[in-house]
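In the order they appear, the protein sequences are chains W and F. FYI, the numbering for the first sequence is 1 to 451, going by our numbering. FYI, the numbering for the second sequence is 1001 to 1073, going by our numbering.
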Amino acid sequence: MIKKILIANRGEIVSRVIRTCKKMDIRTVVVYSDADMDATYISEADEAYHIGPSAPIKSYLNKDVIIDVIKKSGADAVHPGYGFLSESADFAKEVAKTGAIWIGPEPEFLEDIESKCYCRQIAEKNGVPITPGTTAPVSNVEEVYAVASEIGLPVLLKLDKGGGGKGIEKISSFESEELTESIFLNMKKIGEMAFASGDIYVEKAVLNPRHIEVQFISDKTGNVVCLGERDCSIQRRYQKMIEESPSPIVTEKDREKLYDYTRKLVRAMKYTGAGTVEMLRAGNGEYYFMEINARLQVEHPVSEFVTGIDIVEQQIRIADGLPIPFTQEDISIKGHAIECRVNAEDPVSFTPMPGSITRVSFPDTSGGNIRIEHAICDGYKITPYYDSMIFKLIAWGSDRNDCVENMKTALNQFEIEGVATTVATDLKILENEHFLSGKFSTSFLKDENFI
Amino acid sequence: MGFNLEAHMPGLVARVTCEVGQEVEENQELVVLNCMKTEISCLSPKPGRVKEIMVAEWDEMDVGIPMIKLEEL
């Protein structure tokens, strides 16, 4: 049985994991950099260890120092959160070597899915639709053009091991081979530097798609349970801003199909733990497999709200070798949930704005329809070293309109002084007629002149 | 006469894009800062020659910290 979990992350997700650990009577160990000396969760955890300077590479991405903390604290499991080392096969392997349990899929699996071509091959083999294009890297621009003339423009060049919105370039015309060549070579260089692989593959660009993803959990006996879908189409620069469950566009029939694709992929890949299958929905209603995310996601609370399942608790149980205590038939989607990510950014230009929170007052959560995930307080210093997200607001309602109203009330109750935030942007989106009608695509923020 | 390129935003030094001895133009990128995962170019305020690089990758920057020492041509 897992008794003590080290949370190898920072910010709101640390508090989130601690909450479930307390419920399960599991002790917690947290780590912090110079910049996070005053983090609110240091006092919530049973033990806290300083792990170095503020730059992520010297602290939260420094495997050796975190492995040391596992040994020093005697933690018997590691929860990696999201971002940082959460999908690092090397780190997962190092953790396993100490004898501690990695709360996530097997390291070998993490290694395999780093390659998007591998995932596309598995999907194709198992009857899960993928966007037209290649399932192996291409070696030059002539090959790119050959594929493009077969499947039609525009196409996307993607780094096989890219991520986080990096390593994607669109090719819209055949005219300038020189330009394409320079894009191709530049991308290869970025890939080699940032992702240790310059492999590039080609896929057809889906125009104005919706980003639909299925949350699932899968245990070691092969039981796969899907926890509804999330619509994450409101995004800028491939970064999500607002997510919701269920999706206003996914029909019951679509959902069955998406669940079927998810089960096929998860079983073929022998995945255990919690994860997400990301799909793109084209304008004509076709779905295409994009990628599989082998971690807890930022937007997991919306799925928790509509299913009543604590996903972190299931992650920990599965890692401990326990079976999922319910089946697909036990899961029903109740009402509607929306998450707004609030960033320390200028609400118009989205320029990052670090600074100090002089005063903060949170919305009322006593009604049970509002959940706030954060790790901030009066006097908290938002440093420039990490992601700009400072908290997440999640609202539930009996239907989508009710949910939007609850979210608006909560956003209006929220008061923060000292730093600029994107609260005003979130409110504007929630009042936008196309958002309210449920008819939008991933280009929503651009189409509606938010960016 | 010398002049400095100072950080105009807090953040981490993502990379230095110039070399000592290099002649640079006005508005040429000399350093890239990473502020909350967003990359921000820091440009030379006027033409000059790079005399000294005072920062290294992942150094913590605050507004006004000198990063590159230059001399006028």
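Each residue gets a CB set at the ideal place from its N, CA and C atoms; glycine is no exception.
Handout entry: Entirely enclosed alpha helix (DSSP H) segments - the segment 74-120 of chain W, minimum 4 residues
Key = 89-97, 107-113
Problem - Per DSSP, the bridge partner or partners of Pro-352 (chain W) - result: The residue you call residue 352 (chain W) lines up with position 352 of the first sequence. Answer by DSSP bridge pairing, in chain order: W:Glu-345.
Exercise for the section: Could you check the C-alpha separation between Leu-1005 (chain F) and Glu-339 (chain W) for me, to the nearest Å? Expected result: Within the second sequence, numbered from 1, the residue matching residue 1005 (chain F) stands at position 5. Within the first sequence, numbered from 1, the residue matching residue 339 (chain W) stands at position 339. Taking the straight line joining both Cα atoms gives about 41 Å.
Practice task
Could you tell me which residues DSSP pairs with Leu-436 (chain W) in its beta bridges?
Solution key: For this step, residue 436 (chain W) is matched to residue 436 along the first sequence. Paired residue(s): none; Leu-436 (chain W) is not in a bridge.
Problem - Ile-324 (chain W) classed as buried or exposed, judged by whether at least 16 other C-beta atoms fall within 10 angstroms - result: For the purposes of this step, residue 324 (chain W) is taken as residue 324 along the first sequence, with counting starting at 1. By the 10 Å Cβ count, Ile-324 (chain W) comes out buried.
Problem - Neighbour-count burial assignment, Asn-401 (chain W), 16 or more Cβ in a 10 Å radius - result: For the purposes of this step, residue 401 (chain W) is identified with residue 401 of the first sequence, where counting begins at 1. The residue in question, Asn-401 (chain W), is exposed, as its Cβ has fewer than 16 Cβ neighbours within 10 Å.
Practice task
Check whether the segment 328-335 of chain W touches the segment 86-101 of chain W, taking contact to mean three or more Cβ pairs, one atom from each stretch, closer than 8 Å.
Solution key: no
Practice task
May I ask whether a heavy atom of the ligand MG can be found less than 8 Å away from the beta carbon of Ile-183 (chain W)?
Solution key: Among the components modelled here there is no ligand, and therefore nothing to report on the ligand MG.
Handout entry: Coil, strand or helix - Lys-166 (chain W) by DSSP
Key = Here residue 166 (chain W) is taken as the residue at index 166 of the first sequence, counted from 1. Strand, per DSSP.
Practice task
Drop a sphere of 10 angstroms on the beta-carbon of Met-241 (chain W), count the other beta-carbons inside from all chains shown, and report buried for 16 or more, exposed for fewer.
Solution key: Here residue 241 (chain W) refers to the residue found at position 241 of the first sequence. Under this definition Met-241 (chain W) is a buried residue.
Practice task
Give me the Cα-Cα distance between Ser-54 (chain W) and Ala-424 (chain W), rounded to the nearest whole angstrom.
Solution key: Mapped onto the first sequence, residue 54 (chain W) falls at position 54. Mapped onto the first sequence, residue 424 (chain W) falls at position 424. Going by the C-alpha atoms only, they are around 30 Å apart.
Exercise for the section: Scan the segment 308-391 of chain W and note each continuous alpha helix (DSSP H) run of 4 residues or more that stays entirely inside, going in chain order. Expected result: 311-319
Exercise for the section: Please work out which residues of its chain come closer than 7 Å, Cβ to Cβ, to Ser-1041 (chain F), disregarding the five sequence neighbours upstream and downstream, and give them in chain order. Expected result: The sequence position of residue 1041 (chain F) within the second sequence is 41, counting from 1. The residues are Glu-1029, Val-1032.
Practice task
Determine, using beta carbons only, whether Gly-81 (chain W) and Ile-18 (chain W) come nearer to each other than 9 Å.
Solution key: Numbered from 1 along the first sequence, position 81 holds the residue referred to as residue 81 (chain W). Numbered from 1 along the first sequence, position 18 holds the residue referred to as residue 18 (chain W). No, the Cβ-Cβ distance between Gly-81 (chain W) and Ile-18 (chain W) is not below 9 Å.
Exercise for the section: Drop a sphere of 10 angstroms on the beta-carbon of Ser-43 (chain W), count the other beta-carbons inside from all chains shown, and report buried for 16 or more, exposed for fewer. Expected result: Taking the first sequence and counting its residues from 1, the one referred to as residue 43 (chain W) is at position 43. When all chains shown are included, Ser-43 (chain W) counts as exposed.
Handout entry: Thr-1017 (chain F): contacting residues in chain W (beta-carbon distance under 7 Å)
Key = Looking up residue 1017 (chain F) in the second sequence gives position 17. Those do not exist, as Thr-1017 (chain F) stays about 14 Å from chain W at its closest Cβ, beyond 7 Å.
Problem - Beta-carbon spacing of Asp-378 (chain W), Gly-11 (chain W) below 9 Å - result: If you number the first sequence from 1, residue 378 (chain W) lands on position 378. If you number the first sequence from 1, residue 11 (chain W) lands on position 11. No. Outside cutoff.
Exercise for the section: Could you round the C-beta distance between Ser-73 (chain W) and Val-29 (chain W) to whole angstroms and report it? I think they count as a contact, below 8 Å. Expected result: Position 73 of the first sequence, counting from 1, holds the residue named residue 73 (chain W). Position 29 of the first sequence, counting from 1, holds the residue named residue 29 (chain W). Going by Cβ atoms, the distance from Ser-73 (chain W) to Val-29 (chain W) rounds to 4 Å, so yes, they are a contact pair.
Problem - Chain-ordered residues of the segment 46-65 of chain W with a beta carbon less than 7 Å from chain F - result: Ser-54, Ala-55, Ile-57, Lys-58
Exercise for the section: Starting from the beta carbon of Glu-1060 (chain F), find every residue of chain W whose beta carbon is closer than 8 Å, and list them in chain order. Expected result: As a working note, residue 1060 (chain F) is residue 60 in the second sequence. Simply Pro-53, Ser-54, Ala-55, Tyr-385.
Handout entry: Nearest to Ile-249 (chain W) (by Cα), restricted to the options W:Thr-276, W:Ala-274, W:Asn-284, W:Ala-39
Key = As a first step, residue 249 (chain W) must be located in the first sequence, where it is residue number 249. When W:Thr-276, W:Ala-274, W:Asn-284, W:Ala-39 are compared, the shortest CA-CA separation from Ile-249 (chain W) is found for W:Asn-284.
Practice task
Go to Glu-143 (chain W), then tell me how far its alpha helix (DSSP H) extends in each direction, as first and last residue.
Solution key: Here residue 143 (chain W) corresponds to residue number 143 of the first sequence, with the count starting at 1. Segment 141-151, the alpha helix (DSSP H) holding Glu-143 (chain W).
Practice task
Pull up the distance between the alpha-carbon of Gly-1021 (chain F) and that of Met-1009 (chain F), whole angstroms please.
Solution key: On the second sequence, residue 1021 (chain F) is found 21 positions in, with the first residue counted as 1. On the second sequence, residue 1009 (chain F) is found 9 positions in, with the first residue counted as 1. Rounded to whole angstroms, Gly-1021 (chain F) to Met-1009 (chain F) spans 26 Å at the Cα level.
Exercise for the section: Select from the segment 1004-1016 of chain F all residues with a C-beta closer than 8 Å to any C-beta belonging to chain W, and list them in chain order. Expected result: Met-1009, Pro-1010, Gly-1011, Leu-1012
Practice task
Would you decide whether His-374 (chain W) is buried or exposed? Buried here means 16 or more other CB atoms lie within 10 Å of its CB.
Solution key: Within the first sequence, the letter at position 374 stands for residue 374 (chain W). The residue in question, His-374 (chain W), is buried, as its Cβ has 16 or more Cβ neighbours within 10 Å.
Problem - Cβ shell of Ser-441 (chain W) (< 7 Å), same chain only, five flanking positions each side left out - result: Counting from 1 along the first sequence, the entry for residue 441 (chain W) is found at position 441. Excluding its 5 nearest sequence neighbours in each direction, Ser-441 (chain W) has C-beta neighbours in its own chain below 7 Å: Asn-208, Pro-209, Arg-210, Ser-233, listed in chain order.
Handout entry: Host beta strand (DSSP E) of Glu-47 (chain W) (start-end)
Key = By 1-based counting over the first sequence, the position of residue 47 (chain W) is 47. It spans 47-50 - the beta strand (DSSP E) in which Glu-47 (chain W) sits, taken as one unbroken run.
Exercise for the section: Name, going along the chain, the residues of the segment 325-354 of chain W whose beta-carbon falls closer than 9 Å to a beta-carbon of chain C. Expected result: Note that chain C does not occur in the displayed structure, where the protein chains are W and F.
Practice task
Measuring alpha carbon to alpha carbon, tell me which of W:Met-269, W:Leu-6, W:Lys-22, W:Leu-280 ends up nearest Glu-111 (chain W).
Solution key: In the first sequence, residue 111 (chain W) corresponds to position 111, counting from 1. Here the closest residue by C-alpha is W:Met-269.
Exercise for the section: Compute the Euclidean distance between the alpha carbons of Arg-281 (chain W) and Cys-117 (chain W), then round it to the nearest angstrom. Expected result: Within the first sequence, numbered from 1, the residue matching residue 281 (chain W) stands at position 281. Within the first sequence, numbered from 1, the residue matching residue 117 (chain W) stands at position 117. Near 20 Å, if we compare the C-alpha coordinates of Cys-117 (chain W) and Arg-281 (chain W).
Exercise for the section: Using beta-carbon positions only, say whether Lys-4 (chain W) and Asp-34 (chain W) come within less than 9 Å of one another. Expected result: Taking the first residue of the first sequence as position 1, residue 4 (chain W) is located at position 4. Taking the first residue of the first sequence as position 1, residue 34 (chain W) is located at position 34. For Lys-4 (chain W) and Asp-34 (chain W), no; Cβs fall outside 9 Å.
Exercise for the section: Report, in whole angstroms, the separation of the C-beta atoms of Pro-154 (chain W) and Ile-168 (chain W), which I expect to be a contact under 8 Å. Expected result: For the purposes of this step, residue 154 (chain W) is taken as residue 154 along the first sequence, with counting starting at 1. For the purposes of this step, residue 168 (chain W) is taken as residue 168 along the first sequence, with counting starting at 1. So it is not a contact: roughly 12 Å between Cβ atoms.
Practice task
Look at the Cβ atom of Ala-344 (chain W), then the Cβ atom of Gly-335 (chain W), and state whether they are nearer than 9 Å.
Solution key: Within the first sequence, the letter at position 344 stands for residue 344 (chain W). Within the first sequence, the letter at position 335 stands for residue 335 (chain W). No, the pair does not count as a contact, with Cβ atoms beyond the cut-off.
Exercise for the section: Determine whether the Cβ of Ser-361 (chain W) lies closer than 9 Å to any Cβ atom of chain F. Expected result: Counting from 1 along the first sequence, the entry for residue 361 (chain W) is found at position 361. Not closer than 9 Å to any Cβ of chain F, the Cβ of Ser-361 (chain W) fails to qualify, so no.
Practice task
State buried or exposed for Glu-304 (chain W), treating a residue as buried only when at least 16 other CB atoms are found within 10 Å of its CB.
Solution key: As a working mapping, residue 304 (chain W) is identified with position 304 in the first sequence. Label assigned to Glu-304 (chain W): buried.
Problem - Where Met-1009 (chain F) sits in the DSSP three-state scheme - result: Taking the first residue of the second sequence as position 1, residue 1009 (chain F) is located at position 9. DSSP places Met-1009 (chain F) in coil when its eight states are reduced to three.
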